[in-house]
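Colleague: Structure in structure tokens, see below.
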Amino acid sequence: MKTTVYLAIGSNIGELSKNLDQAVQAVDALEGTKVTKRSANLSNAAYGVTDQDDFLNGVIEIITDLAPLDLLKAIKKIEKEMGRTETYRWGPRLIDIDIIFYGDIVLDSQELTIPHIDMVNRDFVLGPLKEIAPNKKHPIYKKTVSELYQDLIDRNQ
């Protein structure tokens with residue numbers, strides 16, 4: 000069964016735009032998967048550990064046959080094949096691909112949490128996501144992406 004999924008992509012090492020393009024192409028090449036929408040890229044300061052280069056971020060919408068954990072394995076493989084090495088939490092990375100929404104499911108396992116647990120605190124996720132899916136409803140908060148984005152702006156003022 001095909002499921003609509005939203006992935007956040009980001010990079011702050013090397014040729015950032017090229018890294019994002021390469022990641023999108025690799026996701027599109029996954030069996031049973033098609034990229035259907037892509038946000039504009041957004042440049043922003045690093046999140047969490049701020050003493051590093053700025054990130055370039057975006058969001059893609061895909062339709063996939065892959066189950067959530069199979070998709071996670073596939074995107075981790077893409078990250079590794081592109082040259083990502085593990086550093087530290089919120090550290091610099093050549094490429095980062097995160098599952099934000101997988102249809103309307105709620106999943107909380109040791110390997111994967113969907114919706115992404117911290118998405119509501121990240122303007123670099125909500126901004127690009129709002130561009131391509133403003134009316135997508137968060138299955139826990141029961142608010143649209145546009146509403147979540149406005150809530151984040153209001154909290155940060």
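Sequential numbering from 0 applies to the sequence shown in numbering that gives the first Met the number 0.
By construction, the Cβ of each residue, glycine as well, lies at the ideal position given by its N, Cα and C atoms.
Is the Cβ-Cβ distance between Gly9 and Asn56 less than 7 Å?
Modeller: Yes, Cβ-Cβ distance for Gly9 and Asn56 is below 7 Å.
Colleague: Run through the DSSP bridge pairs and tell me what Lys33 is partnered with.
Modeller: Answer by DSSP bridge pairing, in chain order: Ile62.
Colleague: Comparing C-alpha positions only, which one of Ser38, Phe54, Val58 sits nearest to Ala45?
Modeller: Of the listed residues, the one whose Cα sits closest to Ala45 is Phe54.
Colleague: Pop quiz: Leu93 and Asn18 are said to be a contact at Cβ under 8 Å. What is the actual Cβ separation, rounded to whole angstroms?
Modeller: 6 Å between Cβ atoms; contact.
Colleague: Ignore the nearest five residues each way along the sequence and tell me which others in Glu60's own chain have a CB closer than 6 Å to its CB.
Modeller: Tyr5, Thr35, Lys36, Ile131, listed in sequence order.
Colleague: In its own chain, which residues sit with a C-beta less than 7 Å from the C-beta of Leu147, not counting the 5 before and 5 after it?
Modeller: Taken in chain order, the residues that qualify are Val119, Leu125, His137, Tyr140.
Colleague: Taking Tyr5 as part of the alpha helix (DSSP H), name the residues at either end of that continuous run.
Modeller: Here Tyr5 belongs to no alpha helix (DSSP H); instead the beta strand (DSSP E) covers 2 to 10.
Colleague: With Tyr101 as the anchor, note down where its beta strand (DSSP E) starts and where it stops.
Modeller: Looking at the DSSP string, the run of the beta strand (DSSP E) that includes Tyr101 is 95 to 101.
Colleague: In three-state terms, what does DSSP make of Asp27?
Modeller: Here Asp27 sits in helix by DSSP.
Colleague: Please list the terminal residues of the continuous alpha helix (DSSP H) segment that includes Leu128.
Modeller: Segment 122 to 131, the alpha helix (DSSP H) holding Leu128.
Colleague: Among Ala39, Asp122, Gln109, whose alpha-carbon lies nearest the alpha-carbon of Val144?
Modeller: Of Ala39, Asp122, Gln109, the residue nearest in Cα terms is Asp122.
Colleague: Within 10 Å of its beta-carbon, does Ser38 have 16 or more other beta-carbons around it, so buried, or fewer, so exposed?
Modeller: When all chains shown are included, Ser38 counts as buried.
Colleague: Whole angstroms is fine: what's the gap from Asp20's alpha carbon to Val58's?
Modeller: So the two alpha carbons sit approximately 12 Å from each other.
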